[in-house]
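**Q** Counting from 639, one number per residue, gives the positions in the sequence shown under our numbering. Can you read through this structure? Questions will come right after.
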Amino acid sequence: MILTLDLQDGTPQAAFLAFYFTESTASCDPDDIRIIDIHINGQIMKTVSLDLAKCTVITLYPISVVGPTINITLGPNQKSTLPPLIGAMEAFTRKDVQETSGSGGGGGGGRHWIISSLYIAF
């Protein structure tokens, strides 16, 4: 399963990703197991095993983003007998913005964050 998130601009920024997994059905074979490898931009970031009737939340932060997209691949681990399955995902990006001392009329400069978010339910 491949997910591509398009970002507003290509400047360096940090991303926060939250993945929600729930194994809601028992397999016909009691030896079946679902293990998912999470890859971000081609690099393995986390491996998660799902338990029946339990919600598993995986958070990844900070993910350094330089380009205009984040490519997320959810694939079966080599030990998995079942395909990947996801319930929902949230993505937040943060970009530092340096305020100049002359803008806004409020005195000295400061650092601000621009945060944008995306929620995907499957």
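In this text, a Cβ means the ideal position worked out from N, Cα and C, and glycines have one as well. None of these values were measured; they are calculated from a predicted model.
Exposed or buried, which one is residue 651 when buried takes at least 16 other CB atoms within 10 Å?
**A** The count along the sequence shown starts at 1 and reaches residue 651 at position 13. With 16 or more other Cβ atoms within 10 Å, it is buried.
**Q** Going by beta carbon distance, what residues of the same chain come within less than 6 Å of residue 704, once the five residues before and after it are set aside?
**A** Position 66 of the sequence shown, counted from the first residue, corresponds to residue 704. Contacts found: 650.
**Q** Excluding the 5 residues flanking residue 679 on each side, which residues of the same chain have their C-beta closer than 7 Å to its C-beta?
**A** Residue mapping note: residue 679 aligns to position 41 of the sequence shown, counting from 1. Answer for residue 679: 708 and 709, listed in chain order.
**Q** Mapping DSSP to helix, strand and coil, what is residue 705?
**A** Here residue 705 refers to the residue found at position 67 when the sequence shown is read from its first residue. Coil at residue 705, not helix or strand.
**Q** Buried or exposed: where does residue 653 fall if 16 or more other Cβ atoms within 10 Å of its Cβ makes it buried?
**A** Your numbering for residue 653 matches position 15 in the sequence shown. Classification for residue 653: buried.
**Q** Does the beta-carbon of residue 690 have 16 or more other beta-carbons within 10 angstroms, so that it is buried, or is it exposed?
**A** By one-based count along the sequence shown, residue 690 stands at place 52. Residue 690 is exposed by the Cβ-count criterion.
**Q** Using a Cβ-Cβ cutoff of less than 8 Å, which residues in the same chain neighbour residue 764 once the five nearest sequence positions on both sides are dropped?
**A** Since the first residue shown for the chain is 639 and the last is 760, residue 764 is missing from the structure and cannot be characterised.
**Q** Who are the near neighbours of residue 685 in its chain, counting only those whose CB is closer than 8 Å to its CB and skipping five residues on each side?
**A** To locate residue 685, count along the sequence shown from 1; it is residue 47. Correct list, in chain order: 673, 674, 675, 676 and 715.
**Q** CB residue 659 to CB residue 698, shorter than 8 Å?
**A** Within the sequence shown, residue 659 is the residue found at index 21, counting from 1. Within the sequence shown, residue 698 is the residue found at index 60, counting from 1. Contact: no.
**Q** For the candidate residues 730, 643, 662 and 731, whose alpha-carbon lies nearest to that of residue 693?
**A** For the purposes of this step, residue 693 is taken as residue 55 along the sequence shown, with counting starting at 1. Nearest C-alpha to residue 693: 662.
**Q** Can you tell me the Cα-Cα spacing of residue 711 and residue 667, whole angstroms?
**A** Translated into positions along the sequence shown, residue 711 becomes position 73. Translated into positions along the sequence shown, residue 667 becomes position 29. Taking the straight line joining both Cα atoms gives about 26 Å.
**Q** Under DSSP, the beta strand (DSSP E) around residue 675 begins and ends at which residues?
**A** Working through the sequence shown from its first residue, we reach residue 675 at position 37. 673 to 678 is the span of the beta strand (DSSP E), which, as asked, contains residue 675.
**Q** Return the CA-CA distance between residue 726 and residue 644, expressed in angstroms with no decimal places.
**A** Against the sequence shown, residue 726 aligns to sequence position 88. Against the sequence shown, residue 644 aligns to sequence position 6. Approximately 17 Å between the Cα atoms of the pair.
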